[in-house]
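Trainee: Going down the list, the sequences are from chains A and B.
If you count the first sequence from 1, position 17 lands on 176 in this note's numbering, and the numbers rise without skipping.
If you count the second sequence from 1, position 1 lands on 2 in this note's numbering, and the numbers rise without skipping.
Built from N, CA and C at the ideal position, the CB exists for glycine as well.
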Amino acid sequence: MTTAVVVFPGTNCEHDVVSAITGLGGSARLVWHRETDLEGYDSVILPGGFAHGDALRTGAIARFSPIMGPVARFADEGMPVVGICNGFQVLCEAGLLPGALIANRDLSFICRYVDVEITDTATVLTNNGEPGQRLRIPLNSYEGNWVSPDGEGRVVVRYADDPNGSTDRAAAVANAAGNVVGIMPHPERATDPLLGSTDGEVFLRSFLSSLVPA
Amino acid sequence: MKVRVEVTRRPEIADPQGTTIKRALQDLGHADVSEVRVNSVFYLEIDDADHDAVRSNVENMCRQLLANPVLEDFDIELLP
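#1: Does the contact criterion of 3 or more C-beta pairs under 8 Å hold for the stretch 323–330 of chain A versus the stretch 304–313 of chain A?
#2: Ordered along the chain, which non-local residues of its own chain (more than five positions away) have a Cβ less than 8 Å from that of His345/A?
#3: Around the C-beta of Val42/B, are 16 or more other C-beta atoms found within 10 angstroms, so that it is buried, or is it exposed?
#4: From which residue to which residue does the alpha helix (DSSP H) around Gly182/A run?
#5: Does Ala329/A come out as helix, strand or coil in the three-state DSSP assignment?
#6: Closest to Tyr200/A by C-alpha separation, out of Ser224/A, Ser186/A, Ala221/A and Gly288/A, would be which residue?
#7: Is it the case that the Cβ atoms of Leu284/A and Val340/A are separated by a distance below 7 Å?
#8: Let me know the secondary structure DSSP gives Asp16/B once reduced to three states.
#9: Can you tell me whether Val34/B is helix, strand or coil according to DSSP?
#10: Figure out for me which residue from Met343/A, Gly237/A, Leu353/A and Ala214/A has the closest Cα to the Cα of Leu370/A.
#11: Between the Cα of Phe366/A and those of Pro352/A, Gly355/A, Gly291/A and Ile342/A, spot the shortest distance and give me the residue it belongs to.
#12: Does the CB of Val371/A have a neighbour CB from chain B at under 7 Å?
#13: What residues in its chain sit with their C-beta under 8 Å from that of Thr357/A, if we drop five residues either side in the sequence?
#14: For the candidate residues Ala68/B, Val34/B and Ala54/B, whose alpha-carbon lies nearest to that of Glu6/B?
#15: Can you give the Cα-Cα distance for Arg271/A and Arg264/A, rounded to whole angstroms?
#16: Answer with buried or exposed for Met160/A, where buried requires no fewer than 16 other C-beta atoms within 10 angstroms of its C-beta.
#17: Using a beta-carbon distance below 7 Å, is Ala221/A in contact with chain B?
#18: Kindly indicate if chain B contains any beta-carbon less than 7 Å away from that of Arg313/A.
#19: Taking Thr9/B as the reference, which of Phe75/B, Leu80/B and Pro81/B has the closest Cα?
#20: Which first and last residues belong to the beta strand (DSSP E) in which Ser300/A is found?
#21: I need the straight-line Cα distance from Ala336/A to Asp33/B, nearest angstrom please.
#22: If the cut-off is 7 Å on Cβ atoms, which residues from the stretch 63–81 of chain B count as contacting chain A, listed in chain order?
#23: Do you know offhand how far Ile277/A's Cα is from Phe362/A's?
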């Protein structure tokens, strides 16, 4: 059971994700965006960063990378697919999650710990949590303001306050099946007491426990 | 052939950049500014003289990449 951690040009959180996953007993390997298959992997994480320099719109170019074909097939087949921060933006642009992410309401780049609350535990990123559970993880984004004009999307984690204008205070959104989840704050950066919080482990343990032994 | 493409965020979607610019203009004394929207304009050079073909190709480009259909509309103008 190995998680593919996809690296686009400009991705910069891939090592944090691998370190957090392996630290929790999982297995994760970096996969370059030019790869055309996910043979040998059972799950995918699209990490944070600035894929293709965020040119045009965040995630707009990344969605056409060759690896996104197999990622979409994983999503369709019910395998766990998670996007963190920029990865969330890529999943929306790819149409694997509803809605889109636009600039924060106050046009500020937000880089601080935020309190979030789990509102839906029937997803690959929240199944180890409790409904209403409060967690503290870092938010680090400029385009973190999720909008869903046609009202689609399951909000599965909410901000306790309203840092960026996101619809329904959405910090994480899932597809109908709950196997594709995008989360704007960074669980992988809250997995060691040295980093100020280990609350991110709830999300990553959920992810690991949702992997089915091959 | 030169083509101008304007991509506009639909009016019901927030435009935080436009809102900030509006406030800045109001702060500068332009109290009559009631709304600012920021759009993107692309100028393309297409190596094809067939107007219908060019328009149809550029429409495809807009749907594929230049506009996000969740948020945005587009307008294509073939330039002389």
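Mentor: This is what the structure gives:
#1: Segments in contact, yes.
#2: Cys172, Asp175, Gly207, Ile243, Cys244, Ile296, Pro297, Leu298, Asn299 and Gly359
#3: exposed
#4: Glu173 to Gly182
#5: If DSSP states are grouped into helix, strand and coil, Ala329/A belongs with the strands.
#6: Distances from the alpha-carbon of Tyr200/A to those of Ser224/A, Ser186/A, Ala221/A and Gly288/A put Ser186/A closest.
#7: Cβ atoms of Leu284/A and Val340/A: closer than 7 Å.
#8: coil
#9: coil
#10: Gly237/A
#11: Ile342/A
#12: no
#13: Ala349, Thr350 and Asp351
#14: First, the amino acid is wrong: residue 6/B is Val here, not Glu. Taking only the C-alpha atoms, the option nearest Val6/B is Ala68/B.
#15: A straight line joining the alpha-carbon of Arg271/A with that of Arg264/A spans about 16 Å.
#16: exposed
#17: no
#18: no
#19: Phe75/B
#20: Arg293 to Ser300
#21: 49 Å
#22: Leu66, Asn69, Val71 and Leu72
#23: Roughly 10 Å between the two C-alpha positions.
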